[in-house]
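Working notes for the structure below.
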Amino acid sequence: MASAPKLLALSRLAFPAGLCAAYATYNSYESALTAQADAAKASGLTPDAFTDLKLIKKEKLTHNSYMLRFELPDGQPANLPVASCILTKASLQGPGDEQPKVVVRPYTPVSAPDAPGHLDLVIKAYAQGKMSKHMGELKVGDSLAFKGPIMKYPYSANTKKAIGMIAGGTGITPMLQVADAILANPADKTKVSLLFANVSEGDILLKDKIDAMAAAHPDRFRVHYVVDKPRWGGIFWKGGAGYVTRDMLAAHMPAASSGSDALIMVCGPPGMMAAVSGDKAQDKSQGELTGLLKAMGYSAQQVYKF
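First residue of the sequence shown: 2, per the numbering used here; consecutive thereafter.
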């Protein structure tokens with residue numbers, strides 16, 4: 002890529018409108034990056050201590066999932082790097098507990114890193130999940146403790162030609178964080194293929210957003226939905242049915258033969274992880290690559306487990 006001074010000199014020539022527009026797009030993106038870097042000095046979160054944030058909006062997405070918006074202090078952005086998560090903490094007393102216990106769980110925000118004054122989380126409230134159940138019961142005005150960011154996969158533009166994403170349920174959230182960053186950068190030519198698995202059509206989180214991303218970037222972002230139980234026996238369902246299979250992965254993921262040009266990201270419930278890639282190790286390191294991806298010839302270096 003030409004240097005900024007060279008691009009500036011060239012822009013003074015009588016270039017065709019298309020090239021001028023391309024430079025304007027580049028310049029606009031560079032300006033946005035500079036502004037984001039400056040803003041990063043003032044973040045509403047810190048990785049060193051928990052901060053109480055107030056719930057200011059709660060939206061029900063499905064029968065057991067919610068979008069929760071928490072207010073950041075002084076209108077500051079979260080400025081989370083891609084890809085990273087945050088930690089939530091609460092003192093909770095579950096069935097059989099004699100006294101409350103501190104529970105800490107990671108979540109990936111779905112709001113833009115530079116969104117001023119708030120961060121958004123998508124959660125599924127499980128009856129047996131201490132933190133998710135607690136978060137599902139929060140009311141506007143309640144507070145929850147947050148800490149972060151916690152870096153997961155340090156993404157850089159154009160380091161891969163293609164990224165395949167295999168997500169199940171709320172495992173979509175880190176995928177969207179990465180995909181949003183790629184699509185927001187006109188200089189990033191990475192192509193993204195998302196395979197998103199859920200129990201039913203009604204369980205698909207943020208489908209309108211994902212469909213809009215695919216419509217706006219047809220050459221850079223593709224999505225294939227899979228549900229265990231399509232309605233009406235699947236006669237009107239255009240996606241995949243059942244569990245994620247080898248054939249689905251072969252059709253929608255970059256090939257193992259792509260080598261270092263391709264990366265497969267996986268995030269979902271334990272059953273899906275076990276079948277597709279194997280789960281992470283107990284110490285939260287990547288662990289051994291197993292499952293369908295191993296059988297299809299992918300190497301551990303080609304797979305990242307959130």
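We treat Cβ as the ideally placed atom computed from N, Cα and C, and that holds for glycine.
Query raised in the report: From V111 to M266, what distance separates their C-alpha atoms?
Result: 17 angstroms
Requested in this report: Check whether the region 183–198 touches the region 217–237, taking contact to mean three or more Cβ pairs, one atom from each stretch, closer than 8 angstroms.
Outcome: yes
Query raised in the report: Does DSSP put S258 in a helix, a strand or coil?
Result: helix
Requested in this report: Buried or exposed for A296, please, with buried defined as at least 16 other CB atoms from any protein chain shown within 10 angstroms of its CB.
Outcome: exposed
Query raised in the report: Near Y299, what residues of its chain come up, given a Cβ to Cβ distance below 8 angstroms and the 5 sequence neighbours on each side ignored?
Result: A257, I265, L290
Requested in this report: Report all residues from its chain with a CB closer than 8 angstroms to the CB of Q302; omit the five preceding and five following residues, and keep chain order.
Outcome: S261
Query raised in the report: If you check the beta carbons only, do I173 and L207 fall under 8 angstroms apart?
Result: yes
Query raised in the report: Among A198, A251, R232, T89, which has the Cα closest to the Cα of G272?
Result: A198
**Report entry** Nearest residue (CA-CA) to D98, options I211, K131, C268
**Finding:** K131
Query raised in the report: Could you give the C-beta distance for Y156 and A84, rounded to a whole number, given that I count them as a contact under 8 angstroms?
Result: 6 angstroms
Query - Helix, strand or coil at A276 [DSSP, three-state] - result: helix
Query raised in the report: Taking the alpha-carbon positions, what's the G137 to N65 distance?
Result: 8 angstroms
Query raised in the report: Quick check: the region 134–152 against the region 163–180, are there 3 or more CB pairs under 8 angstroms?
Result: no
Query raised in the report: What's the call for F237, buried or exposed, on a 16-neighbour Cβ count within 10 Å?
Result: exposed
Query - Whole beta strand (DSSP E) elements within the region 214–240, 3-residue minimum - result: 222–228
Report task. Please list, in chain order, all residues of the same chain as S55 whose beta carbon is under 6 angstroms from its beta carbon, the five residues on each side excluded. Result -> In the sequence as presented, Ser is not what sits at residue 55; that position holds Lys. Excluding positions up to five away in sequence, the list reads E72, S144.
Query raised in the report: Does the Cβ of S133 have 16 or more other Cβ atoms within 10 Å, making it buried, or fewer, making it exposed?
Result: buried
Query raised in the report: Which runs of the beta strand (DSSP E), 3 residues or longer, sit entirely within the region 49–128?
Result: 52–63, 66–72, 85–93, 102–108, 119–125
Requested in this report: Return the chain-ordered list of same chain residues with a C-beta closer than 7 angstroms to the C-beta of H218, the five sequence neighbours on each side being excluded.
Outcome: L184
Query raised in the report: Where does I211 sit, in a helix, a strand or coil, going by DSSP?
Result: helix
Query raised in the report: With 16 as the cutoff for other CB atoms within 10 Å, does K1 come out buried or exposed?
Result: Look at the range of the chain in this structure, 2 to 307, and you will see that residue 1 is not part of it.
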